[in-house]
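**Q** Quick one: this structure, given as structure tokens, is what I'll be asking you about.
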Amino acid sequence: MALRRSAEFPVPAPAAQARRRTLADRESVLGPLLLAPALLYVILLVGVPFVLAILLSFSSAVSGGLEFSWVGFRNFQMLLSDSQFHRALQNTLRFMIVSQLLVMVLATAAAHVLDAAFVGRRLVRSLLLLPWAAPVALSSMAWVWIFDSTFSVINWTAKKLGLLQGWWYWFGDPGLATVAIITVHVWRTFPFATVVILAGMAAIPQEIKEAALMDGAGFWRRLFHVSLPMLLPVVAVAVLFGLVFTATDFSVVWLLTRGGPYNSTHVLSTLAFQRGILGASLGQGAAVAVFLLPILLVVAVLLLRVARRAEVGT
Amino acid sequence: MRARRVSRLLRRALLYAAALAFTVFAVFPFYWMLITAFKQNRDLYVGATNLQHIPWVFNETPTLQHVRLLFLNTPYLLWLRNTAFVGALVVLITLLVAVPAGYSLARLAGRWGERLGIGIFLTYLIPPTLLFLPFARVISWLGLQNSPWALVLVYPTFTVPFCTWLMMGFFRSVPRELEEQGLVDGYSRLAVIGRVVLPLATPGMLTVVIFAFTLVLQEFVYALTFISQVDRMTISLGVPVALVRGDVFYWGSLMAACFITSVPIAVVYSAFMDRFIAGLTAGAVKG
Amino acid sequence: MGYVEIRDLHKHFGDVRAVNGVNLSVEEGELLVLLGPSGCGKTTLMRMIAGLEVPTSGEIYIGGRLVDENVPPRARGIAMVFQSYALYPHKTAFENIAFPLEAMRLARESVRERVTRSAQMFGIERLLGRKPRQLSGGERQRVALARAVVRDPKLFLLDEPLSNLDAKLRAVARFELKQLQRQLGTTTIYVTHDQVEAMGLGDRIAVMDAGRIRQIGKPQEVYDDPADTFVATFLGSPPMNLIEQDPHTIVGFRPEAFLPRGVFDPGEEVVTYSLRVREVEYLGSDRLVYGYLEEEQRTDQPVIAAVPATITVPIAEGEVYEFAVPRRALRFFDRNTGRRLERAGAVRLSTT
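Chains as they are written, first to last, in the working numbering: chain Y, 1 to 314; chain B, 1001 to 1287; chain V, 2001 to 2352.
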């Protein structure tokens, strides 16, 4: 289509624009200005309390008054010989690791199932997300009801199927309580991992899958030698997030067992709450909670490393 | 040949079976919530040792009494209102703070931007179960005990880092050339942000709203720490803690509350999951 | 002083010298092409003129006025078209074209009138209601041009605006672009890596490499009188043949000047070479003859001859033929610096 010869192009009215740089142009000012509120919020309301929490762990502060007396490492020394604390630390690690190992397996399997096309796939995907999306406190209450010693539907079903001889007193027995907690953790976090892994699978170029097929690789070989290695960074991210969620979880343990029976299922979070808020000795509570930090630090470093490797890899 | 067809059919059947198994695992607690909410008490409180009575189905006609109790005789509606109030304010604060920050980090901060962005995101990982202790002190010192304002103040500490990082990813996906074209077309940087970038980042902002709101709804620890007065509670706190007389839970109403509250949220959340994952991978992987 | 004056402009990104001392004067109303391979600095140069990058040192004058970081892009009286067209996806074609006018706070009637006129110029009035994703590549390009033209800027900056079009469309678009520029008379700076495009469009061409301008001149000058071996080989397809004549000199001649001896009159001043043919490509209008010079000392210098189809002399692969170049078509370059030597230089007599 040829250009049309138009009439003389009219001379425009002089532009009523600023001829020089204004504040709205200065990127070196705009940048910090736009960032300031967020930075301020984070520093004042996360950074400062964070430092305060650490300071608290070195004090004998009580939540009643405002005094703050320095006691050095005494809180920590007391914890070293405190069996409840040891138990809480063990539980935190145990719940984290066991639940996420299970999640890894479940989520990878579920992602592979969802990757295949079948009738109702969309529906299944949405339904699978429900445990993750529902508020944790509310779904935990449902599980309390499900595990209730008198009315447990799991007991009923197991008994009906002939799998159960005696009876499961879920919250009365430390071992069973642990199983219950881990079950809820797995139930809650595997959907998130599934979706992340699914996204990772979609990102694997089709050509690689096809090349593997042409090379004559069977299903299991393809799974272990092609898919899983390429999925590793994605699975790692999902699992690391899951580790953080379970390590710092409070609601599930608190609502299911309150740390019982006999304080056997406390994790660091719930113990800190019990000592610090309910027991009103903030210093002790802080000392317990502080032990979450090394765990989180390790996870954060691993997360960053995986993210960087993923970036370099692509 | 036939062996191949059989194995394929078997594979297919296995697939459906697996899909079914996963679905059942994920969904049955919700089914349980639903059934409990509408069962008559004499159908509900039957000891599980009684193997004749099947708890999985309605053995008597369903009843609305638990739901009625929930809405008329408990503070549930009050809790809904409290939650809506806190939620709306927190979402507003989050938008106002995280959106500009996300843009600044994505476009205006250069090499610093990358590191600061990661730093801000990492603060999301600092657990509430550590911060609630100094917060307990600060809140009582400010006299905000039992006030929704305590939550409005504290909740953005986890919504802002997360949403800033989300918005960073979304802003990165707006082509830089569009902004430069805007500069050449006669606009200042600020005007370009408003007229070119923000309209294109609307899906991102919508995602931020949804996620900030669901984060608020999920929160339990801070609410438990700061609020003890029943009529000031939020949904997430009131339902597990206050739907009880003495040691006895009102299971019917409790489950009704759980179901009514969880399912709409979960549905909306699911719908936005795709966007969220896209934001996650765009922000993290592409760098 | 030209409409755009650039004085000793530098742009360094850390250790990388993207623009390394450029002096340039663009006359008012001319279409100047910045030509060079990717990474030569042409786009960076244009972005500094636009105000999207801040120079490390040096000065830029537009319309006699010094523009530095205090003069933002919107105050420079320029319009720019990116390679990707940068159409705002959430706006219709009309709104895209109107966008610069809205920045000027014009009345709505005015805006509508000017957008329509601009659209008519490019024949896209019926497309004004569509969004960019509903337009083809060629249509998007027209919208981008209409937007550039609509506020009657004093300077156009075009960054490879034709490279996203299909080959067929490109030639037509090039012709129309040149017409447009002549008609409007707006000073234009055009960036491209395509030397055919540059030759077809430019009033003058500035050939750039590694952050510097190697040569500026009219297309004919740059083609016939290259300032160095880089310019000599960058322009022309196939590129100029470069032969090592002696330790200090390189002699060059274009393939189209390198023909079988018999084509020339016996009396014409030519230099002859023996050519061992390796391959002959039939391109329809030409035959491209790839081969090596058969010389006493060496047989490894590759050359190309472009023999038009009108010359039907048989040329077979593997054979040796006598080819010749008119002496006036020879160009001499310094072997070490690559710069053009002005004198005719010692010419090796042909071996017969």
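Idealized CB from N, CA, C, for every residue including glycine.
Listing by chain order, which chain B residues have their CB less than 9 Å from the CB of I146 (chain Y)?
**A** The residue given as residue 146 (chain Y) occupies position 146 in the first sequence. Near I146 (chain Y) (Cβ distances below 9 Å), the residues of chain B are F1028, P1029, W1032.
**Q** Note down, in chain order, every chain B residue with its Cβ under 9 Å from the Cβ of F335 (chain Y).
**A** The structure shown does not extend to residue 335 (chain Y), since chain Y is modelled only from 1 through 314, so no value can be given for it.
**Q** So, at 8 Å on beta carbons, what are the nonlocal neighbours of F1135 (chain B) in its own chain, with the 5 sequence-adjacent residues on each side left out?
**A** Translated into positions along the second sequence, residue 1135 (chain B) becomes position 135. So the list reads V1154, Y1222, T1225, F1226, once near-sequence residues are dropped.
**Q** What are the start and end residues of the alpha helix (DSSP H) that includes Y2190 (chain V)?
**A** In the third sequence, residue 2190 (chain V) corresponds to position 190, counting from 1. Not the alpha helix (DSSP H): Y2190 (chain V) falls in the beta strand (DSSP E), residues 2187-2192.
**Q** Counting only beta-carbon atoms, is L34 (chain Y) nearer than 9 Å to chain V?
**A** The count along the first sequence starts at 1 and reaches residue 34 (chain Y) at position 34. Not one chain V Cβ lies under 9 Å of L34 (chain Y).
**Q** Using a Cβ-Cβ cutoff of less than 8 Å, which residues in the same chain neighbour L1183 (chain B) once the five nearest sequence positions on both sides are dropped?
**A** Start at 1 with the first residue of the second sequence, and residue 1183 (chain B) comes out as number 183. Result list for L1183 (chain B): R1189, V1192, in chain order.
**Q** Using beta-carbon positions only, say whether A111 (chain Y) and T189 (chain Y) come within less than 9 Å of one another.
**A** In the first sequence, the residue the question calls residue 111 (chain Y) occupies position 111. In the first sequence, the residue the question calls residue 189 (chain Y) occupies position 189. No, the Cβ-Cβ distance between A111 (chain Y) and T189 (chain Y) is not below 9 Å.
**Q** For A1045 (chain B), count neighbouring Cβ atoms within 10 angstroms of its own Cβ and tell me buried if that reaches 16, exposed if not.
**A** Stepping through the second sequence from its first residue, residue 1045 (chain B) is reached at position 45. First, the residue type needs correcting, since residue 1045 (chain B) is Tyr and not Ala in the sequence shown. When all chains shown are included, Y1045 (chain B) counts as exposed.
**Q** Find the residues of chain B that neighbour T178 (chain Y), judging by a C-beta separation of less than 8 Å, and give them in chain order.
**A** As a first step, residue 178 (chain Y) must be located in the first sequence, where it is residue number 178. Ordered by position in chain B, no residue passes the 8 Å Cβ test against T178 (chain Y), which lies about 19 Å from the chain.
**Q** Span of the beta strand (DSSP E) holding Q2215 (chain V)?
**A** For the purposes of this step, residue 2215 (chain V) is taken as residue 215 along the third sequence, with counting starting at 1. It spans 2212-2217 - the beta strand (DSSP E) in which Q2215 (chain V) sits, taken as one unbroken run.
**Q** Along the alpha helix (DSSP H) that carries I1139 (chain B), what are the first and last residues, could you check?
**A** For the purposes of this step, residue 1139 (chain B) is taken as the residue at position 139 of the second sequence. Unbroken alpha helix (DSSP H) run through I1139 (chain B): 1128-1142.
**Q** List, in order along the chain, the chain Y residues whose C-beta lies closer than 7 Å to that of F1022 (chain B)?
**A** To locate residue 1022 (chain B), count along the second sequence from 1; it is residue 22. Within 7 Å Cβ-Cβ: A110, V113, L128.
**Q** What are the start and end residues of each continuous alpha helix (DSSP H) run of 4 or more residues lying completely inside the stretch 39-77 of chain Y, in chain order?
**A** Counting whole runs of 4 or more residues, the stretch 39-77 of chain Y contains the alpha helix (DSSP H) stretches 48-56.
**Q** With 16 as the cutoff for other CB atoms within 10 Å, does S81 (chain Y) come out buried or exposed?
**A** Here residue 81 (chain Y) corresponds to residue number 81 of the first sequence, with the count starting at 1. Exposed.
**Q** Which residues in chain B sit within 8 Å of S2084 (chain V), going by Cβ to Cβ distance?
**A** Start at 1 with the first residue of the third sequence, and residue 2084 (chain V) comes out as number 84. Here the neighbours are P1175, E1177.
**Q** Just the Cα atoms here: how many angstroms apart are I182 (chain Y) and F95 (chain Y)?
**A** In the first sequence, residue 182 (chain Y) corresponds to position 182, counting from 1. In the first sequence, residue 95 (chain Y) corresponds to position 95, counting from 1. Each residue's alpha carbon lies about 6 Å from the other.
**Q** Quick check on P2072 (chain V) - is its C-beta less than 9 Å from some C-beta in chain Y?
**A** The residue given as residue 2072 (chain V) occupies position 72 in the third sequence. True, the Cβ-Cβ gap to chain Y drops below 9 Å.
**Q** For the 8 Å Cβ check, are there 3 or more pairs between the stretch 2160-2172 of chain V and the stretch 2129-2142 of chain V?
**A** As far as the Cβ criterion goes, the stretch 2160-2172 of chain V touches the stretch 2129-2142 of chain V, which means the pair count is three or higher.
**Q** Determine the closest residue to T1063 (chain B) out of B:L1151, B:T1036, B:L1096, B:V1209, with distance taken between C-alpha atoms.
**A** Numbered from its first residue, the second sequence carries residue 1063 (chain B) at position 63. The candidate whose alpha carbon is nearest that of T1063 (chain B) is B:T1036.
**Q** At a CB-CB cut-off below 9 Å, which residues of chain B make contact with F2099 (chain V)?
**A** As a working mapping, residue 2099 (chain V) is identified with position 99 in the third sequence. Correct list: Q1181, G1182, D1185, G1186, Y1187, R1195, V1196.
**Q** Chain Y partners of T1074 (chain B), CB-CB under 7 Å?
**A** The count along the second sequence starts at 1 and reaches residue 1074 (chain B) at position 74. Here the premise fails: no neighbours, minimum Cβ distance about 14 Å.
**Q** Is it true that the CB of G2252 (chain V) sits closer than 9 Å to the CB of I2243 (chain V)?
**A** Within the third sequence, the letter at position 243 stands for residue 2243 (chain V). Within the third sequence, the letter at position 252 stands for residue 2252 (chain V). Cβ distance < 9 Å, so I2243 (chain V) and G2252 (chain V) count as in contact.
**Q** Taking its Cβ as the centre, do 16 or more other Cβ atoms sit within 10 Å of G1204 (chain B), making it buried, or is it exposed?
**A** If you number the second sequence from 1, residue 1204 (chain B) lands on position 204. G1204 (chain B) is buried by the Cβ-count criterion.
**Q** Helix, strand or coil for K2011 (chain V) per DSSP?
**A** Looking up residue 2011 (chain V) in the third sequence gives position 11. If DSSP states are grouped into helix, strand and coil, K2011 (chain V) belongs with the strands.
**Q** Please state if the CB of T2229 (chain V) and the CB of L2034 (chain V) are separated by a distance shorter than 9 Å.
**A** In the third sequence, counting from the first residue as 1, residue 2034 (chain V) sits at position 34. In the third sequence, counting from the first residue as 1, residue 2229 (chain V) sits at position 229. Result no, Cβ atoms of L2034 (chain V) and T2229 (chain V) do not sit closer than 9 Å.
**Q** Kindly list, in the order they appear in chain A, the residues whose Cβ is closer than 9 Å to that of L1200 (chain B).
**A** Looking for chain A here will not work: the only protein chains present are Y, B and V.
**Q** DSSP on V1285 (chain B), reduced to helix/strand/coil?
**A** The residue you call residue 1285 (chain B) lines up with position 285 of the second sequence. The predicted position of V1285 (chain B) is uncertain, since its pLDDT is 39 and thus under 50; no value can be drawn from it.
**Q** To which residues does DSSP link P2308 (chain V) through a beta bridge?
**A** The count along the third sequence starts at 1 and reaches residue 2308 (chain V) at position 308. For P2308 (chain V), which the question treats as bridged, DSSP gives the partners V:D2286.
**Q** At 7 Å on the CB atoms, spell out the chain B contacts of E207 (chain Y), in chain order.
**A** Position 207 of the first sequence, counting from 1, holds the residue named residue 207 (chain Y). Correct list: empty, because the minimum Cβ distance to chain B is about 19 Å.
**Q** When the Cα atoms are used, what is the spatial distance from A88 (chain Y) to E210 (chain Y)?
**A** Position 88 of the first sequence, counting from 1, holds the residue named residue 88 (chain Y). Position 210 of the first sequence, counting from 1, holds the residue named residue 210 (chain Y). Roughly 49 Å between the two C-alpha positions.
**Q** Tell whether a beta-carbon distance below 9 Å holds between L1129 (chain B) and A289 (chain Y).
**A** As a working mapping, residue 1129 (chain B) is identified with position 129 in the second sequence. As a working mapping, residue 289 (chain Y) is identified with position 289 in the first sequence. Going by the sequence as given, residue 1129 (chain B) is Thr instead of Leu. It is a contact, given that the beta carbons lie within the stated cut-off.
**Q** Answer yes or no: do L2031 (chain V) and G2202 (chain V) have a C-beta to C-beta separation smaller than 9 Å?
**A** Locating residue 2031 (chain V) in the third sequence gives position 31, counting from the first residue. Locating residue 2202 (chain V) in the third sequence gives position 202, counting from the first residue. Their beta carbons are under 9 Å apart, which means L2031 (chain V) touches G2202 (chain V) by this criterion.
**Q** On the criterion of 16 or more Cβ atoms from any shown chain inside 10 Å, does G2267 (chain V) qualify as buried, or is it exposed?
**A** Here residue 2267 (chain V) corresponds to residue number 267 of the third sequence, with the count starting at 1. With fewer than 16 Cβ atoms within 10 Å of its Cβ, G2267 (chain V) is classed as exposed.
**Q** Applying the criterion that 16 or more other CB atoms from any shown protein chain within 10 Å of the CB defines a buried residue, is Y2003 (chain V) buried or exposed?
**A** As a position in the third sequence, residue 2003 (chain V) is number 3, starting the count at 1. Counting Cβ neighbours within 10 Å, Y2003 (chain V) comes out buried, since at least 16 surround it.
**Q** Near E2319 (chain V), which residues of its chain fall below 6 Å by C-beta distance, leaving aside the five closest residues on each side in sequence?
**A** Within the third sequence, residue 2319 (chain V) is the residue found at index 319, counting from 1. Hits under 6 Å: V2277.
**Q** State the DSSP-derived secondary structure class of Y2273 (chain V), mapped to helix, strand or coil.
**A** Within the third sequence, the letter at position 273 stands for residue 2273 (chain V). Reduced to three states, the DSSP call for Y2273 (chain V) is strand.
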